[in-house]
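Data block below; observations after.
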Amino acid sequence: MKRPCRGERNVAYTVPKLKDFSAAALDKAVEKLLAALEQESGALGNGDERKAFRDHWLARKDGILTQINELWLKAAPKEAKREVGQRVNKLKTEVEAKVEAALKRTPAAGTESAIDISFPGIRRAIGAEHPIIRMQNEIVSVFKNLGYSVAEGPVIETDYYNFEALNFPPNHPARDTQDTLFLANQQSKARREQLLLRTHTSPVQIRTMEKMKPPLRIVIPGKVHRNDPPDASHSPMFHQVEGLAVDTNITFGDLKGTLDHAMKSLFGSDVKTSFRPSFFPFTEPSAEMFVSCFICGGSGKRGSDNAPCRPCKQTGWIEILGCGMVDPNVFEFVKHNGYDPEKVSGFAFGMGVDRIAMLKYGLDDLQLFFQGDVRFLEQFG
Ligand code: DAH
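In structure tokens:
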């Protein structure tokens, strides 16, 4: 409710008796009346005040319009009646319209006025971690608990870091498996300086070894891109977590023990792990790691009716990552920083976060993660 400030006159208007019924005197009286109406309308609050305001001006019994009738029109001498009558009629229409308009501008009784400090504010929806970022953080924290630190690198990468220093020679067919998205207008640059969207997080292995001397234990989460059209299991943008451990005497046994522990932390202590030979230019030997299917328990069948388990394609095993012992050729590129392949050894691994999140959350369409549908995302909040 707006209260009058000190000094502001708030004496309700009363209709004066007129002695002078000349046109000039009438004009003056009308002007005063309208000014009073203007002031009262501007100071109008809500609730009871609205009714009082309306009654004050329009009440049949003693409202201002009724009073005008009595005090101005009826009291006017005969010769002035016509003149006064016309003005009073015009004034009535004007006052009625202005009173209605003022009531419309202010809220009705029971509703709140424009500012009510006791009313709760507008709540901002609290955001939540995107399920992929959540999965990524979960994977990273498993390795943090083993003493790994986190390293990051640029998404726009040079050919040198994405390929050359990872032992992909120019024109080597292994480059074809990476479906690279190149930046335009790079032809004038030397090949190793040409820019592309990194196809994996592995270039950060090199970038970190350039900066930090061994021993090294790092995990590298991040976005990667490949020229894959989007479908239920592909996306041109996805996420990886890479790992690298370098020290003296790191063995394949260390790799197996570390990754077996990580998989049990992520998928449950009863999952089994299995390594199958593979090829990556930057590791030798290389392997693909499988975990026993944590959806069907490794049987390949689901439920009492023995329905085929789709995520593991009924094999009982899910391929989860690529890994291997760091190829000595990779160390050659960072030899100057303490990575002498004669002295140090290491293992590396890389996994797709999006795929793991899909498996963990039981989704059959990767695109759900990227469509920004709040109804989907809210379920992970
Ligand atoms: N960079 C590989 C890819 O994107 C994944 C990978 C395999 C990373 C083996 C590694 C590794 O560090 O040792 O397909």
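Counting along the sequence shown from 1, when you hit position 85 you're at 85 in this note's numbering, and nothing is skipped either side.
Built from N, CA and C at the ideal position, the CB exists for glycine as well.
Remember, predicted model here, so these are calculated numbers, not experimental data.
Would you check if the distance between the CB atom of residue i and the CB atom of residue j is smaller than 9 Å?
{"i": "N145", "j": "S265", "result": "yes"}
{"i": "G346", "j": "V326", "result": "yes"}
{"i": "L244", "j": "M209", "result": "yes"}
{"i": "H234", "j": "K223", "result": "no"}
{"i": "D21", "j": "V88", "result": "Note that residue 21 is Phe in the sequence shown here, rather than Asp. Not closer than 9 Å, so no."}
{"i": "A24", "j": "L18", "result": "no"}
{"i": "F380", "j": "A128", "result": "yes"}
{"i": "L321", "j": "G298", "result": "no"}
{"i": "Q187", "j": "E193", "result": "no"}
{"i": "E94", "j": "L34", "result": "yes"}
{"i": "K98", "j": "S41", "result": "yes"}
Using 10 angstroms around the beta-carbon of residue i, count the other beta-carbons present and answer buried if the total reaches 16, otherwise exposed.
{"i": "N383", "result": "Absent from the model: residue 383. The displayed extent of the chain is 1 to 381, so no value can be given."}
{"i": "E242", "result": "buried"}
{"i": "S202", "result": "buried"}
{"i": "R355", "result": "buried"}
{"i": "L366", "result": "buried"}
{"i": "S274", "result": "exposed"}
{"i": "D305", "result": "exposed"}
{"i": "F267", "result": "buried"}
{"i": "A262", "result": "buried"}
{"i": "A36", "result": "buried"}
{"i": "F119", "result": "exposed"}
{"i": "Q371", "result": "exposed"}
Given residue i, which residues of its chain have a CB within under 6 Å of its CB, disregarding the five upstream and five downstream residues?
{"i": "R226", "result": "D179 and T199"}
{"i": "G338", "result": "K213 and P214"}
{"i": "S286", "result": "S278, F279, F280 and G324"}
Would you kindly report the start and end of the unbroken alpha helix (DSSP H) that includes residue i?
{"i": "R226", "result": "Note, R226: premise wrong, no alpha helix (DSSP H); not H, not E."}
{"i": "P131", "result": "P131 to K144"}
{"i": "G253", "result": "F252 to F267"}
For chain D, find out if any of its Cβ atoms is closer than 9 Å to the Cβ of residue i; answer yes or no.
{"i": "N337", "result": "Here there is only one protein chain, and chain D is not present."}
By Cβ distance below 7 Å, which residues in the same chain neighbour residue i in space, the five residues on each side in sequence not counted?
{"i": "A151", "result": "V204, T208, I218 and I220"}
{"i": "V140", "result": "V150, V219, P221 and V241"}
{"i": "F333", "result": "A165 and I206"}
{"i": "M135", "result": "V353, I356, A357 and K360"}
From which residue to which residue does the beta strand (DSSP E) around residue i run?
{"i": "V334", "result": "From DSSP, V334 is part of no beta strand (DSSP E); its letter is neither H nor E."}
{"i": "R276", "result": "T273 to F280"}
{"i": "Y238", "result": "For the record, residue 238 in the displayed sequence is Phe; it is not Tyr. F238 -> beta strand (DSSP E) spans M237 to D247."}
{"i": "V30", "result": "No beta strand (DSSP E) holds V30; the alpha helix (DSSP H) holding it covers A23 to G42."}
{"i": "F347", "result": "S345 to G352"}
Tell me which same chain residues have a C-beta within less than 8 Å of the C-beta of residue i, skipping the five on either side of it?
{"i": "F252", "result": "P285, M325 and F347"}
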